[in-house]
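Undergrad:
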Amino acid sequence: AQSVTQPDARVTVSEGASLQLRCKYSYFGTPYLFWYVQYPRQGLQLLLKYYPGDPVVQGVNGFEAEFSKSNSSFHLRKASVHWSDWAVYFCAVSHNMGYKLTFGTGTSLLVDP
Amino acid sequence: EAGVTQSPRYAVLQEGQAVSFWCDPISGHDTLYWYQQPRDQGPQLLVYFRDEAVIDNSQLPSDRFSAVRPKGTNSTLKIQSAKQGDTATYLCASSRDKDTQYFGPGTRLLVL
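For the protein sequence lines, the chains are A and B, in the order given. Counted the way my numbering counts, the first sequence spans residues 45 to 157. Counted the way my numbering counts, the second sequence spans residues 44 to 155.
1. Could you confirm whether any beta carbon from chain E is found closer than 8 Å to the beta carbon of A/Thr149?
2. What's the gap between the Cα of A/Thr151 and the Cα of A/Leu91?
3. Helix or strand or just coil, what does DSSP make of B/Asp99?
4. Check each residue of the segment 92-111 of chain A: if its Cβ is closer than 9 Å to any Cβ of chain B, include it; give the result in chain order.
5. Against B/Gly149, what residues of chain A qualify as contacts under a CB-to-CB distance less than 7 Å, listed in chain order?
6. Spell out whether any CB of chain B is found under 8 Å from the CB atom of A/Phe134.
7. So for A/Val55, helix, strand or coil by DSSP?
8. Below 8 Å on the Cβ atoms is my contact criterion, and I expect A/Leu145 with A/Ala136 to pass it. Report the Cβ-Cβ distance as a whole number of Å.
9. Run through the segment 66-124 of chain B for me and flag every whole beta strand (DSSP E) of 3 or more residues, listed as ranges in chain order.
10. Using beta-carbon positions only, say whether B/Tyr78 and B/Ala136 come within less than 8 Å of one another.
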């Protein structure tokens with residue numbers, strides 16, 4: 045069965061610093077991978093998605109992620125964090141391009157001013 | 044383009060009471076999903092529809108939960124006899140076939 049592990053429940057970074065949020069997936073075959081962000085009292089919003097192809101995927105607001113089959117990872121990165129990035133970030137995997145997303149437990153990002 | 048709308052935004056119940064959640068997907072989206080998100084966890088898929096047909100409800104606790112989408116547009120998720128373990132946020136999402144899922148703001152349910 046497919047699964048996603050986000051090992052860091054909470055990450056704190058200073059505004060302007062770089063960011064990496066970790067995601068490890070378990071899937072037999074070719075996964076489709078997603079990063080969503082959830083702001084307080086709001087629904088999830090898609091940051092970026094990986095369909096088989098270029099391993100580095102660009103998303104909105106300066107976010108990018110890199111797929112690694114050898115490491116079973118799909119880490120999210122941003123070069124310079126802004127206070128408005130304060131939110132919960134979820135990694136998800138699907139075997140079917142979008143149906144039946146399996147989410148990780150999320151990583152709360154706190155931004156120090 | 045209007046997003047996915049859900050109502051109510053909040054619900055507080057005693058155990059054993061019933062509750063219904065309503066979802067209006069983005070116009071033109073044929074696929075609709077219901078997720079349960081317990082506190083400090085990721086969303087977990089309960090059921091999803093293509094038009095009015097249930098495609099997968101294997102994670103829906105069928106003895107107390109039901110979901111319908113009679114005209115292939117709006118959808119209702121109902122809990123017949125709520126338990127404290129049902130306390131969670133219920134999210135609705137919609138998509139055009141297998142494309143990106145767009146989420147509503149959710150309904151936060153507290154069962155006392």
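Yeah, the Cβ is synthetic: ideal placement off N, Cα and C, and Gly gets one too. None of these values were measured; they are calculated from a predicted model.
TA: Reading from the atomic positions:
1. Although the question refers to chain E, the structure presented lacks it and instead comprises the protein chains A and B.
2. So the two alpha carbons sit approximately 14 Å from each other.
3. B/Asp99 carries a strand assignment under DSSP once its states are collapsed to helix, strand and coil.
4. Listed by position along the chain: Lys93.
5. Under the 7 Å cutoff, chain A gives Gly87.
6. At least one chain B Cβ lies under 8 Å of A/Phe134.
7. Correct three-state label for A/Val55: strand.
8. Confirmed, Cβ separation roughly 4 Å.
9. For the segment 66-124 of chain B, whole beta strand (DSSP E) runs of length 3 or above, ordered along the chain, are 74-80, 87-93, 96-99, 108-111, 118-122.
10. Yes; because the gap between Cβ atoms is below 8 Å, this pair is in contact.
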